[in-house]
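Take the sequence shown: its letters are residues 5 to 71, numbered as in the working numbering. All residues carry an ideal CB built from backbone N, CA and C; glycine is no exception. Accompanying notes for the structure given below.
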Amino acid sequence: MQTTQYPWSVTQPQPNLLDTHELAERLTTVEENLKTILNMLKLIFGAQLDRDEKEKEAAKNYHSTKS
5 MQTTQYPWSV TQPQPNLLDT HELAERLTTV EENLKTILNM LKLIFGAQLD
55 RDEKEKEAAK NYHSTKS
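See below:
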């Protein structure tokens, strides 16, 4: 007789699944954390881009006054 194997047996309940409300709360928290991280990265890279632009301008001014 062929038997089919299942990840859980008939006598054991299925793994505990999150209810919809709890899952929605967790997803909201993850979304808020990702938005915070994105804003931090924008600040970091925005500051770096501004610094790079100022350095380019300073270098251009230095070379134009030197010649």
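Quiz item: From Glu35 to Leu47, what does the alpha carbon distance come to, in whole angstroms?
Solution: Between the C-alpha atoms of Glu35 and Leu47 there is a straight-line separation of about 18 Å.
Quiz item: How is the alpha helix (DSSP H) around Ile42 delimited, first residue to last?
Solution: The sequence given here places Leu at residue 42; Ile does not occur at that position. Per DSSP, Leu42 belongs to the alpha helix (DSSP H) from Thr24 to Lys70.
Quiz prompt | Asn65 versus Thr32 - alpha carbon distance | solution = Cα to Cα, the separation comes out at about 49 Å.
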